[in-house]
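Asks: Every number in our numbering is 760 more than the matching position in the sequence shown, counting from 1.
Below are the structure tokens for one structure; questions will follow.
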Amino acid sequence: MAQHLRTRRESGKTVVQCHGCFDIVHPGHVRYLQFARQLGDVLIVSLTGDELVGKGPDRPYIPQELRAENLAAFEFVDWVVIDPHPTACELLEQLRPDVYVKGREYADSHDPRFLREREIVESYGGRVVFHSGDVVFSSTRLIESLDDDAHLDECRLRALCDR
Numbered sequence: 761m762a763q764h765l766r767t768r769r770e771s772g773k774t775v776v777q778c779h780g781c782f783d784i785v786h787p788g789h790v791r792y793l794q795f796a797r798q799l800g801d802v803l804i805v806s807l808t809g810d811e812l813v814g815k816g817p818d819r820p821y822i823p824q825e826l827r828a829e830n831l832a833a834f835e836f837v838d839w840v841v842i843d844p845h846p847t848a849c850e851l852l853e854q855l856r857p858d859v860y861v862k863g864r865e866y867a868d869s870h871d872p873r874f875l876r877e878r879e880i881v882e883s884y885g886g887r888v889v890f891h892s893g894d895v896v897f898s899s900t901r902l903i904e905s906l907d908d909d910a911h912l913d914e915c916r917l918r919a920l921c922d923r
């Protein structure tokens, strides 16, 4: 993929990357990804692998293969990568996107993991851009609200998986 992206860049294309868990894809994710796509010609979405999602017990809710399939279904997403590392750092070094897009909650973040990602992108001349997040959703909050009626939740998930 890195070679393919180099070729695209050499032909004047702008490569954009987003990274996240994308456990339950919601309207906030959709707008975030659409915003990212408007910033370039090629959109790569990397998602955190199952073993590394640090959002609590029984997370992720949706297995990584299905999360990747959900993201790949969007026609504005060109590539989906399951990241086997705890941060996007290794992929950022390998893929070297021109633009790395994060949600607005990272704009003033002092999280050392994000600061390292930002440092990597800026080290090769890339830009970090923050999405405004005009529609605020949280997969974690959605899942927690479903936990109020776990049986109903399980039935819905089974019905969804059977489709």
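Ideal Cβ placement from N, Cα and C applies to all residues, glycine included.
Check whether the region 787–801 and the region 854–870 touch, using three or more Cβ-Cβ pairs below 8 angstroms as the test.
Replies: With a cut-off of 8 angstroms, the region 854–870 and the region 787–801 count as touching, because enough Cβ pairs lie within range.
Asks: Tell me the DSSP secondary structure of Tyr792 in three-state form.
Replies: Position 32 of the sequence shown holds residue 792. Here Tyr792 sits in helix by DSSP.
Asks: Quick one: what does DSSP say Ser806 is sitting in, helix, strand or coil?
Replies: Here the question's residue 806 lines up with position 46 in the sequence shown. In the structure shown, Ser806 sits in a strand (DSSP, three-state: E or B).
Asks: Go through its chain and collect everything with a Cβ distance to Ser899's Cβ below 6 angstroms, but skip five positions before and after it.
Replies: As a working mapping, residue 899 is identified with position 139 in the sequence shown. A caution first: Ser899 carries a pLDDT of 46, below 50, which makes its placement in the model too unreliable to give a value.
Asks: Rounded to the nearest angstrom, what separates His891 and Thr774 at their Cα positions?
Replies: The sequence position of residue 891 within the sequence shown is 131, counting from 1. The sequence position of residue 774 within the sequence shown is 14, counting from 1. Rounded to the nearest angstrom, the two C-alpha atoms are 17 angstroms apart.
Asks: What is the DSSP secondary structure of Arg856, reduced to helix, strand or coil?
Replies: Translated into positions along the sequence shown, residue 856 becomes position 96. In this structure, Arg856 counts as coil in the three-state DSSP scheme.
Asks: Starting from the Cα of Cys781, find the closest Cα among Phe836, Pro844, Val888 and give me that residue.
Replies: Residue 781 sits at position 21 when you count from the first residue of the sequence shown. Of the candidates Phe836, Pro844, Val888, the one whose C-alpha sits nearest the C-alpha of Cys781 is Pro844.
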